[in-house]
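Engineer: Just so you know, UniProt numbering puts 87 at position 87 of the sequence shown, and the rest follows in order with no gaps.
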Amino acid sequence: MNYYLELKKSLSLSELAQLTRMKVCAERLEQRQLCVLDTVDWSIWMSDQVLLHVAGKRLELYDRDDQLRVAVHAKRWPSFITQLNDPLFEALNPLVCVRALLPQFSSQWQEQSSAFLNNDDKIVARATLYHLVDATPTTSFFLKIQSLRGYDQEAQAIVNDLNSVATACQSAITLKFLLKRCGLNPDPPATKPAFHLNPDQPTTEAVMGMVAELLRLARQQEEGLIADIDTEFTHQYRVNLRKARSLLSLFKKALPPKRYQTLRSELKKIAQATNRLRDLDVFLLDQDNYRAMLPTHFQPGLDDLFKRLKRRRQQVWRKVTVTLKKEDYLEHAQLLKLQLKEPPDLSARHSGMAIKKQVSRKILSQYQKIQRYGARIDAETPDEQVHEVRIEAKKLRYLLELFAELFSYDQLRRLIKALKKLQDNLGRFNDYSSQCLFLESLLSGAGIKTAERDAINGLIAVLYSKRQHERGQVVDMIAAFSGTEIAEQFQELFTDAAAQDGGS
Numbered sequence: 001m002n003y004y005l006e007l008k009k010s011l012s013l014s015e016l017a018q019l020t021r022m023k024v025c026a027e028r029l030e031q032r033q034l035c036v037l038d039t040v041d042w043s044i045w046m047s048d049q050v051l052l053h054v055a056g057k058r059l060e061l062y063d064r065d066d067q068l069r070v071a072v073h074a075k076r077w078p079s080f081i082t083q084l085n086d087p088l089f090e091a092l093n094p095l096v097c098v099r100a101l102l103p104q105f106s107s108q109w110q111e112q113s114s115a116f117l118n119n120d121d122k123i124v125a126r127a128t129l130y131h132l133v134d135a136t137p138t139t140s141f142f143l144k145i146q147s148l149r150g151y152d153q154e155a156q157a158i159v160n161d162l163n164s165v166a167t168a169c170q171s172a173i174t175l176k177f178l179l180k181r182c183g184l185n186p187d188p189p190a191t192k193p194a195f196h197l198n199p200d201q202p203t204t205e206a207v208m209g210m211v212a213e214l215l216r217l218a219r220q221q222e223e224g225l226i227a228d229i230d231t232e233f234t235h236q237y238r239v240n241l242r243k244a245r246s247l248l249s250l251f252k253k254a255l256p257p258k259r260y261q262t263l264r265s266e267l268k269k270i271a272q273a274t275n276r277l278r279d280l281d282v283f284l285l286d287q288d289n290y291r292a293m294l295p296t297h298f299q300p301g302l303d304d305l306f307k308r309l310k311r312r313r314q315q316v317w318r319k320v321t322v323t324l325k326k327e328d329y330l331e332h333a334q335l336l337k338l339q340l341k342e343p344p345d346l347s348a349r350h351s352g353m354a355i356k357k358q359v360s361r362k363i364l365s366q367y368q369k370i371q372r373y374g375a376r377i378d379a380e381t382p383d384e385q386v387h388e389v390r391i392e393a394k395k396l397r398y399l400l401e402l403f404a405e406l407f408s409y410d411q412l413r414r415l416i417k418a419l420k421k422l423q424d425n426l427g428r429f430n431d432y433s434s435q436c437l438f439l440e441s442l443l444s445g446a447g448i449k450t451a452e453r454d455a456i457n458g459l460i461a462v463l464y465s466k467r468q469h470e471r472g473q474v475v476d477m478i479a480a481f482s483g484t485e486i487a488e489q490f491q492e493l494f495t496d497a498a499a500q501d502g503g504s
């Protein structure tokens with residue numbers, strides 16, 4: 001059994017012995033110099049784990065029970081987990097993925113381990129005294145007492161004897177507890193929008209507020225994008241802008257035409273600067289898979305290709321950072337913010353309709369559009385029509401996810417899961433098609449070496465084969481999503497809400 005005490009002052013071993021009338025022997029004294037490593041969104045900490053760089057010598061990963069999962073020697077911490085060897089890579093990959101590891105917090109404390117012995121010189125309890133050098137608030141001394149099996153009474157007597165200099169600690173003295181008492185207070189930035197929608201809120205008011213929040217989340221990524229911390233900043237920047245543009249498009253009839261066109265134009269202007277950067281990021285992030293696609297003799301050509309694209313990526317990133325700092329860009333972003341704050345204009349058709357009713361109608365309409373588009377697709381259908389289904393499926397996904405708070409979570413989850421299967425297939429088909437086009441564009445580049453050209457052609461051949469495989473599954477995937485079971489679930493969840501009385 002463990003006991004946790006807050007001490008009013010530091011206690012030496014002789015003072016512990018005097019207070020408890022027992023022998024106290026020192027076992028270990030350790031100075032802990034720690035740097036907490038985590039991603040910008042604190043993904044490791046939020047999973048109840050802690051990654052430490054200790055004394056500039058090693059990396060240690062602790063689980064929620066304060067057990068050391070993995071420890072490796074490392075004089076410096078890596079920027080990305082891909083620079084780590086197993087098993088630390090395996091432990092962190094599900095949590096961190098492409099995000100950079102950042103030094104989030106530094107602290108130091110002293111740990112004095114000791115043992116309490118009875119008159120027979122048998123150890124009845126062990127204790128660890130923590131002296132927090134930079135503790136907040138003022139309490140900086142904590143004592144953890146662990147009783148040994150069969151000596152619970154003796155351990156309890158030790159705790160009772162320390163009552164004059166200690167109080168029971170309200171929390172277990174864990175690694176996280178100590179870090180928090182040293183001042184660590186993680187505040188992860190919001191990664192998902194919280195719109196706090198009212199089902200009866202006028203559509204225009206709701207949509208403008210949602211677009212404003214998505215724009216805020218997008219611009220929240222700019223600092224990390226400019227600093228080039230990791231590629232996820234660019235990705236999240238684009239995702240939030242894409243969702244904002246999709247919302248405007250889906251609800252354009254609820255906005256005055258002039259206002260819609262202005263907002264649409266401004267969002268497009270600030271989003272397009274990162275198009276090329278994201279294309280290069282996606283390709284470079286997947287380079288391990290590309291290497292695995294080709295035999296060994298293609299690897300030198302792939303090395304040349306990735307070196308070329310990394311240089312180009314740096315050039316494109318520098319242009320993006322210049323753009324994001326330009327007065328023109330900042331003016332566009334500020335104009336958008338001000339326009340979204342303007343009072344809603346309820347003169348447009350459907351602008352005053354309750355948002356839940358309007359969204360329910362829109363979801364049903366969007367699902368039926370996918371059914372209609374999908375019914376026209378067979379093995380001979382041009383790829384362009386398949387891509388149209390992909391775009392409409394993405395719009396439906398945005399509707400289901402962005403307005404999830406208005407509906408039953410369990411029912412929505414089933415529909416999103418079914419939609420995701422279709423999207424995964426259509427997304428892979430589109431990705432392989434886009435990657436083939438991207439690689440074909442590289443073949444016309446000046447100064448390209450023969451080995452590099454051979455590697456590019458080899459990748460195109462493999463990707464084309466994968467593309468054809470996904471294309472062969474499209475009809476079945478669309479049929480499954482358009483079938484009776486899924487259609488009935490959409491009708492059950494959204495028909496009543498779409499038909500209920502609301503604003504005009």
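For each residue, glycine too, the CB sits at the ideal point set by N, CA and C.
Bear in mind that the values here come from a model prediction, so they are computed numbers and not experimental data.
What would DSSP say about PRO344, mapped onto helix, strand or coil?
Structural biologist: In the structure shown, PRO344 sits in coil (DSSP, three-state: anything other than H, G, I, E or B).
Engineer: Can you tell me whether CYS25 is buried or exposed? The criterion is at least 16 other CB atoms within 10 Å of its CB, across all chains shown.
Structural biologist: CYS25 should be labelled exposed.
Engineer: What are the residues that DSSP puts in a beta bridge with VAL159?
Structural biologist: Paired residues: none, contrary to the question.
Engineer: So, helix, strand or coil for ALA190, using DSSP?
Structural biologist: Note: ALA190 maps to coil in three-state DSSP.
Engineer: For a quick check, are the C-beta atoms of LEU16 and LEU37 less than 8 angstroms apart?
Structural biologist: No, these two residues do not count as a Cβ contact at 8 angstroms.
Engineer: Given 7 angstroms as the limit, tell me if TYR260 has its C-beta closer than that to any heavy atom belonging to the ligand MN.
Structural biologist: This structure lacks the ligand MN, and indeed carries no ligand of any kind.
Engineer: Would you give the residue range spanned by the beta strand (DSSP E) that PHE116 belongs to?
Structural biologist: Here the beta strand (DSSP E) through PHE116 covers 102 to 117.
Engineer: Using CA atoms only, rank isn't needed, just tell me which of ALA418, TRP45 and ALA499 is closest to GLY483.
Structural biologist: Answer by Cα proximity: ALA418.
Engineer: Let me know the secondary structure DSSP gives HIS196 once reduced to three states.
Structural biologist: Of the three classes helix, strand and coil, the one that applies to HIS196 here is coil, per DSSP.
Engineer: Pick helix, strand or coil for ASN185, following the three-state DSSP scheme.
Structural biologist: Looking at ASN185 - three-state DSSP - the assignment turns out to be coil, as it is neither helix nor strand.
Engineer: Tell whether a beta-carbon distance below 8 angstroms holds between ILE123 and LEU117.
Structural biologist: It is a contact, given that the beta carbons lie within the stated cut-off.
Engineer: On the CB-based measure, 16 or more other CB atoms within 10 Å of its CB, does ASN2 come out buried or exposed?
Structural biologist: Exposed, since its Cβ has fewer than 16 Cβ neighbours within 10 Å.
Engineer: Check whether the segment 470 to 485 touches the segment 363 to 383, counting contact only when three or more Cβ pairs, one atom from each stretch, lie closer than 8 angstroms.
Structural biologist: A contact exists between the segment 470 to 485 and the segment 363 to 383.
Engineer: What alpha helix (DSSP H) runs, 4 residues minimum, are completely inside the segment 276 to 309?
Structural biologist: Counting only runs of 4 or more, we get 287 to 293.
Engineer: Per DSSP, what kind of secondary structure is THR381 in: helix, strand or coil?
Structural biologist: Of the three classes helix, strand and coil, the one that applies to THR381 here is coil, per DSSP.
Engineer: What is the residue span of the alpha helix (DSSP H) that THR203 lies within?
Structural biologist: It spans 203 to 219 - the alpha helix (DSSP H) in which THR203 sits, taken as one unbroken run.
Engineer: Between LEU263 and GLN339, which are expected to be in contact by the criterion C-beta below 8 angstroms, what is the C-beta distance as a whole number of angstroms?
Structural biologist: With a Cβ gap of about 6 angstroms, LEU263 and GLN339 count as contacting.
Engineer: Please report the Cβ distance between LEU184 and PHE89, rounded to the nearest whole angstrom; I am assuming they are in contact, meaning their Cβ atoms lie under 8 angstroms.
Structural biologist: That pair is no contact at about 25 angstroms.
Engineer: In this structure, does DSSP put residue 544 in helix, strand or coil?
Structural biologist: In this structure the chain extends from 1 to 504, so residue 544 is not present and cannot be described.
Engineer: Write down every uninterrupted run of the alpha helix (DSSP H) in the segment 12 to 56 whose length is 4 residues or greater and which is fully enclosed by it, in chain order.
Structural biologist: If we require 4 residues or more, the alpha helix (DSSP H) runs fully inside the segment 12 to 56 come out as 13 to 20 and 43 to 46.
Engineer: Do the segment 154 to 166 and the segment 304 to 322 touch if we need at least three Cβ pairs shorter than 8 angstroms?
Structural biologist: No: fewer than three Cβ pairs fall under 8 angstroms.
Engineer: Give the range of the alpha helix (DSSP H) segment to which VAL72 is assigned.
Structural biologist: Here VAL72 belongs to no alpha helix (DSSP H); instead the beta strand (DSSP E) covers 68 to 73.
Engineer: How far does the alpha helix (DSSP H) with ARG413 in it reach, from first residue to last?
Structural biologist: Start and end: 409 to 442.
Engineer: Return yes when the Cβ of TRP77 is within less than 8 angstroms of the Cβ of LEU92, no when it is not.
Structural biologist: Cβ distance not < 8 angstroms, so LEU92 and TRP77 don't count as in contact.
Engineer: With distance defined between alpha-carbon atoms, name the residue in LYS356, LEU5 and ARG413 nearest to ALA172.
Structural biologist: It is LEU5.
Engineer: Could you tell me the alpha carbon to alpha carbon distance between GLN236 and HIS350, rounded to whole angstroms?
Structural biologist: One C-alpha to the other measures close to 31 angstroms.
Engineer: Between the beta-carbon of SER107 and the beta-carbon of LEU34, is there less than 8 angstroms?
Structural biologist: It is a contact, given that the beta carbons lie within the stated cut-off.
Engineer: In angstroms, rounded to a whole number, what distance separates the CA positions of VAL70 and PRO87?
Structural biologist: Taking the straight line from one Cα to the other gives about 7 angstroms.
Engineer: Output the distance between the C-alpha atoms of ARG428 and ARG467, rounded to the nearest integer angstrom.
Structural biologist: Roughly 7 angstroms separates the two Cα atoms.
Engineer: Between which two residues does the beta strand (DSSP E) carrying THR167 extend?
Structural biologist: Residues 166 to 168.
Engineer: Helix, strand or coil, according to DSSP, for HIS131 in the structure here?
Structural biologist: DSSP places HIS131 in strand when its eight states are reduced to three.
Engineer: Just reading off the alpha helix (DSSP H) that ASN93 is part of, what are its end residues?
Structural biologist: From DSSP, the alpha helix (DSSP H) with ASN93 extends over 88 to 96.
Engineer: Select from ASP65, ASN275 and MET353 the residue whose C-alpha is nearest the C-alpha of ASP200.
Structural biologist: When only C-alpha atoms are compared, the closest one is MET353.
Engineer: Secondary structure at LEU84, three-state DSSP: helix, strand or coil?
Structural biologist: Correct three-state label for LEU84: coil.
Engineer: To the nearest angstrom, report how far apart PHE142 and TRP45 are at their CA atoms.
Structural biologist: The alpha-carbon atoms of PHE142 and TRP45 are separated by roughly 23 angstroms.
Engineer: Per DSSP, what are the beta-bridge partners of ASN2 in this structure?
Structural biologist: BP columns for ASN2 point to GLN146.
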